[in-house]
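Sequences listed follow chains Z and H, in order. According to the numbering used here, the stretch in the first sequence is residues -11 to 217, in order. According to the numbering used here, the stretch in the second sequence is residues -11 to 217, in order. Even for Gly, the Cβ is constructed at its ideal location relative to N, Cα and C. A short write-up of the structure that comes next.
Number of protein chains: 2
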Amino acid sequence: MARILIVEDEPSIQELIGVTLTRTGHDPLRANDAESALKLMQAELPDLVLLDWMLPGQSGVDLARRLRADDRTRSVPIIMLTARGDEQSKVTGLETGADDYVTKPFSPRELAARIKAVLRRQKPQATEDPVEIEGLRLDPATHRVTANGQAVVLGPTEFRLLHFFMTHAERVHSRAQLLDSVWGDHVFVEERTVDVHIRRLRGALEASGHDALIQTVRGSGYRLSAQKE
Amino acid sequence: MARILIVEDEPSIQELIGVTLTRTGHDPLRANDAESALKLMQAELPDLVLLDWMLPGQSGVDLARRLRADDRTRSVPIIMLTARGDEQSKVTGLETGADDYVTKPFSPRELAARIKAVLRRQKPQATEDPVEIEGLRLDPATHRVTANGQAVVLGPTEFRLLHFFMTHAERVHSRAQLLDSVWGDHVFVEERTVDVHIRRLRGALEASGHDALIQTVRGSGYRLSAQKE
DNA sequence: GCATGCCGTCACCAAACCGTCACCTTGCTG
DNA sequence: CAGCAAGGTGACGGTTTGGTGACGGCATGC
């Protein structure tokens, strides 16, 4: 149903993705590098872009930036394919404005699920643009969050956690969802680990003057909310 | 809880997995090779398959491919057990359609965690839409009920109870029906417990300005109604 | 090698929530 | 209007859930 552009230089992976997409009722377009991807998009905008982190010539990150900088392509959601375990790239990737990440090696089912989720999330659109809430500002380059001139340094995990909250504010997220979105697929940690990071993040935010930004919804999870209740 | 099929020719490992599964509240089925596994699945589909990479006769990889090629078994998630940790076999494993892999030797804890993760991903979030009625707005995404701009915090049970009332408004529900729908059919609690929760819910709604929304029908049960009578 | 920082896990504590009961109020029936 | 049945309500332990401090492991940098 949906037109999905695959930008991936490795033929076998491109093929695997293509088959998966077709089987789940999508319409795959293929490109091997950034240039041909751009050319394809000139003709008609796809509904979603699957973008490999590493590409020959221009990297996937650069391409993502270009897509985000162009008014015409800004609204097209992007899912990044990245090798796993690279903390730095995960954080850098946040700058590019990708909507989701899938770490290689990935399962076709996992990929399909995330595509579905991103496409569904498109409809309400409206917000979830840049990261700008409550005077909070995230700086991916330095892992810092500045608030009221007060800057606090966060650990990588807390940084990604806060970033996720800021791009999905007001909604309640279960520990499972947070593990999925912030820690990533294929990682196995206890759900209670989320609690601890929430606590550390709260501590950091508090130190920067913001209080009670992250609320607990008993039995359901956590939420970042602008208004205290 | 979940029926999990173990396909593993080594008895000691099969036993270890079986114990682990039972301990984590699952229901293990066992098969020693691909053929008996297929036969077992003919009878009833399991919720998940734990598949050894190496099997006598037909390898686990082949079995995975066969399961993925068959419409009937395609939806069953697969976790691969592989002896070697090398990246290549992991990639291959996922290409065959496995949802995750665990490398031997594995810790029972890791296995349990991955099973949980895969099963969790199977049923995605129930993406419930907000329900709105008579100035009341109940939004599962934020887990909030707002009335006239006033947000009220509810406990989990009260939340489910109100949700049920709002999606089944204007009808009278007996305590038995409410226990069935809100608490679940396998829970054993006194019917009078419903009364108490009704009271708590009424209190919360009253605090938000809404009064007499939930009416008592003597001898029959309760009803949520827009117009007061 | 040693120090540092981050992370995941655990043990323990506090608070929230829940089911039940006892007792009171309401409403129906004769 | 007496008597009874059904529902309302406040209180109380028990259980579950989340908060928090501490600890060991691992990686990184010196």
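Buried is the label assigned to A19(H), since at least 16 other Cβ atoms lie within 10 Å of its Cβ.
Per the coordinates, the alpha-carbon of V160(H) lies some 14 Å from the alpha-carbon of D168(H). With the rule of 3 Cβ pairs closer than 8 Å, the stretch 94 to 104 of chain H does not count as touching the stretch 181 to 195 of chain Z. One finds nothing in chain H with a Cβ atom closer than 7 Å to the Cβ of F152(Z); even the nearest lies about 15 Å away. Around the beta carbon of P34(H), a 10 Å sphere encloses 16 or more other beta carbons of the protein chains shown; the residue is thus reported as buried.
The C-alpha of L166(Z) is placed about 29 Å away from the C-alpha of T155(H). Annotation: R159(Z) is outside any alpha helix (DSSP H) and is labelled neither H nor E by DSSP. By the rule that beta-carbons nearer than 9 Å mark a contact, P93(H) does not touch chain Z. In the three-state reduction of the DSSP assignment, A19(Z) falls in the strand class, which pools E and B. Excluding its 5 nearest sequence neighbours in each direction, W171(H) has C-beta neighbours in its own chain below 7 Å: V177, listed in chain order. Per DSSP, reduced to three states, the secondary structure at L201(H) is coil, with no helix or strand assignment.
Going by DSSP, R211(H) is part of the beta strand (DSSP E) stretching over G209 to L212.
Following the DSSP letters along the chain, one finds K104(Z) inside the alpha helix (DSSP H) bounded by residues P96 to Q110.
One Cα belongs to L126(H), the other to E194(H), and the distance between them is close to 15 Å. Closest by C-alpha distance to R108(H), out of V64(Z), R97(Z) and F147(Z), is R97(Z). Annotated three-state conformation of A86(H) is coil, per DSSP.
Between H14(Z) and chain H, the shortest Cβ-Cβ separation is not below 9 Å. With respect to L36(Z), V64(Z) sits close: the two C-beta atoms are nearer than 9 Å. Contact of D(-3)(Z) with chain H is not assigned, every C-beta pair being separated by 9 Å or more. At a C-beta separation below 8 Å, E120(H) has no neighbours in chain Z, since its nearest C-beta there lies roughly 16 Å away. In the structure shown, M(-11)(Z) adopts coil according to DSSP, grouped into three states. Taking the C-beta atoms as reference points, L212(H) is found nearer than 9 Å to E158(H). Residue contact with chain H for G172(Z): absent (no Cβ-Cβ distance below 9 Å to any residue of chain H).
For L142(H), there is no enclosing alpha helix (DSSP H), as DSSP gives it neither H nor E.
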